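Chemist: Structure below; questions to follow.
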Amino acid sequence: MRISSKTALTAVVVLVFSCTVLCGCTGNQERRIIRIGHNQSTNHPSHIGLTAFREFINDELGDRYVVEVYPSELLGSQTDMVQLTQTGAIDFCIASNAILETFSKNYSIFNLPYLFSSQEAYHAAMEDSILTEQIFMSTKNAGFTTVTWLDAGTRNFYTINKPILSPADLKGLKIRVQQSPTNIEMMRLLGGSATPMGFGEVYTSLQSGIIDGAENNELALRDNGHGDVCKYYSYDMHQMIPDLLIGNNTFLEELSEDERMIFERGFAILNETQRRAWIEGVEDSIRNAKENQGVTFLYPDTKPFQDAVLPLHASVLSQLPELQTVYDMIQEYNKQYDKGDSEEGAGT
Ligand code: GCU
């Protein structure tokens, strides 16, 4: 669902919060409602992961807390939800690393195209808390921190009716990108015309021809209906951008030590459940796109795409030299997991 106006959004938020007062009481005991927002459908692996998290917290701490999950942009766009998390109006939300770049420049590193040489290198880097700490804690003064990462696969171009086999095919096309300076610059280097907008607006913009295509993982074809409109999906594999669960700092700091340990276990359950569901979700989306949506999958040579955008690595690092160590650690993982044999989705 897309929130079409601020008024509608305000109405939903007011409704949610007045419900909180009603739902927050069991007998005489008040339970604290924990609100988590995200922008995916209820079929999506992240929603499945959050459902496991909710059940775990309700089992372990159900006398004190009630977890409520709001999917499908019910609480607004990702940017709206990050702001609600910042102020503590909600406690957590899932945000793409891409949009967090506007809250702290440190996040721009994970938005770099072709940063990881394989899915294994990407997962190993994201699991390395020494590597991620500098990024995940960098919004501490802004009121939130990242508590776990979630897989968001590999991003590829897809278009209504023009197969993309090389960067030259992007010329003159209006391609929706996430609202991040790195993504806009990436599209410029590739020769397409970047059209930044929120995720919830993409389907209508494709349908009405405002844009010619977009770029995302395969789940957008199924869960967001993009495969109903776009008939060519090209595995140029330009980015692996994680999604992140961010939490309001005041809420996190007020947890007792024991509660925090239980929440940490809950975050791990979310991460593991989401990643298992991801594999199945991608397979099903590809099958559905081929059988029911008539989408053709293409496998271009990725080298020309890589050559066009690699200068972005040096330019981001020259603006943010403090990220060099993190970048070097990622290169070590790239060497260790060089082959990329199991590149997600591609070839399946
Ligand atoms: C993916 C990602 C979302 C993001 C979306 C987008 O679906 O999981 O977090 O919002 O891409 O392109 O905006």
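Note that the working numbering has the sequence shown beginning at 1, numbered continuously upward. Even glycine gets a Cβ: it sits at the ideal position worked out from N, Cα and C. Fair warning: this is a prediction, and the values are worked out from it, not measured in the lab.
Any heavy atom of the ligand GCU inside 8 Å of the beta-carbon of F144?
Modeler: Checking every heavy atom of the ligand GCU against the Cβ of F144, none is found closer than 8 Å.
Chemist: Using the three-state DSSP reduction, which class does H38 fall into: helix, strand or coil?
Modeler: Three-state DSSP puts H38 in coil, outside helix and strand.
Chemist: Hey, how far is the Cα of D223 from the Cα of E264?
Modeler: Using only the alpha carbons, I get a separation of about 29 Å.
Chemist: Sort M329, D236, M197 by Cα distance to T154 and report the nearest one.
Modeler: When each option's Cα is compared against that of T154, the closest is D236.
Chemist: For L115, which three-state DSSP category applies?
Modeler: In the structure shown, L115 sits in coil (DSSP, three-state: anything other than H, G, I, E or B).
Chemist: I'd like the ranges of any beta strand (DSSP E) spanning at least 3 consecutive residues and lying wholly in the segment 99-154.
Modeler: Taking only runs of at least 3 residues, the beta strand (DSSP E) segments lying wholly in the segment 99-154 are 144-150.
Chemist: So does D212 have its beta carbon nearer than 8 Å to some heavy atom of the ligand GCU?
Modeler: No - the ligand GCU has no heavy atom lying nearer than 8 Å to the Cβ of D212.
Chemist: K174 lies in the alpha helix (DSSP H); which residues open and close that run?
Modeler: Counting along the chain, K174 falls outside any alpha helix (DSSP H), though it belongs to the beta strand (DSSP E) covering 174-177.
Chemist: May I ask you to report which of helix, strand or coil DSSP gives A89?
Modeler: Of the three classes helix, strand and coil, the one that applies to A89 here is coil, per DSSP.
Chemist: I'd like the span of the beta strand (DSSP E) that includes I241, first residue to last.
Modeler: I241 -> no beta strand (DSSP E), and no H or E assigned at all.
Chemist: Do S193 and S138 count as a contact pair if the criterion is CB distance below 9 Å?
Modeler: No.
Chemist: Assuming S46 and L150 form a contact by the criterion Cβ under 8 Å, report the distance between their Cβ atoms to the nearest whole angstrom.
Modeler: Yes, S46 and L150 are in contact; Cβ-Cβ is about 6 Å, under 8 Å.
Chemist: Tell me whether D328 is buried or exposed, calling it buried when 16 or more other Cβ atoms sit within 10 Å of its Cβ.
Modeler: Exposed: under 16 other Cβ atoms inside 10 Å.
Chemist: Between which two residues does the alpha helix (DSSP H) containing V316 stretch?
Modeler: 311-319 is the extent of the alpha helix (DSSP H) around V316.
Chemist: Provide the residue(s) that pair with V69 in DSSP beta bridges, ordered along the chain.
Modeler: Looking at the DSSP assignment, V69 forms a beta bridge with I36.
Chemist: Taking the C-alpha atoms as reference points, what is the distance between P284 and Q29?
Modeler: It is worth fixing the name first, because residue 284 is Asp in this sequence and not Pro. Cα to Cα, the separation comes out at about 44 Å.
Chemist: Consider the C-beta atom of D243 and the heavy atoms of the ligand GCU; say whether any pair is separated by less than 8 Å.
Modeler: D243: yes, Cβ under 8 Å from the ligand GCU.
Chemist: Is G213 helix, strand or coil when you go by DSSP?
Modeler: Three-state result, G213: strand.
Chemist: Can Y122 and M197 be called in contact, C-beta distance under 9 Å?
Modeler: No, Cβ-Cβ distance for Y122 and M197 is not below 9 Å.
Chemist: Enumerate in chain order the residues of its own chain whose CB-to-CB distance from R176 is below 6 Å, with the five nearest sequence positions on each side excluded.
Modeler: Around R176: T195, M197, V202, I211, A214.
Chemist: Taking C-beta to C-beta, are G37 and I94 nearer than 9 Å?
Modeler: Cβ atoms of G37 and I94: closer than 9 Å.
Chemist: Going by C-alpha distance, which of I160, I269, L245, T250 is nearest F92?
Modeler: Checked all of I160, I269, L245, T250; the closest Cα to F92 is L245.
Chemist: Bridge partners of F157, per DSSP?
Modeler: Beta-bridge pairing links F157 to E215, S234.
Chemist: Give the range of the alpha helix (DSSP H) segment to which P181 is assigned.
Modeler: 181-190 is the extent of the alpha helix (DSSP H) around P181.
Chemist: When burial is assigned at 16 or more other CB atoms within 10 Å of the CB, is T26 buried or exposed?
Modeler: Any reading at T26 must be qualified, since the residue scores a pLDDT of 49, below 50, and its modelled position is unreliable; the value itself is stated next. With fewer than 16 Cβ atoms within 10 Å of its Cβ, T26 is classed as exposed.
Chemist: Is there contact here, the segment 46-64 with the segment 115-134, by at least three beta-carbon pairs under 8 Å?
Modeler: In short, these stretches do not touch, since the Cβ pair count stays below three.
Chemist: Relative to the ligand GCU, is the shortest distance from any of its heavy atoms to the C-beta of I184 smaller than 8 Å?
Modeler: Answer for I184: no, Cβ out of range of the ligand GCU.
Chemist: Going by the DSSP bridge assignment, what does G254 pair with across the sheet?
Modeler: Here residue 254 is Glu; the residue named in the question, Gly, does not match the sequence. DSSP, once it has assigned bridges, lists no residue as partnering E254.
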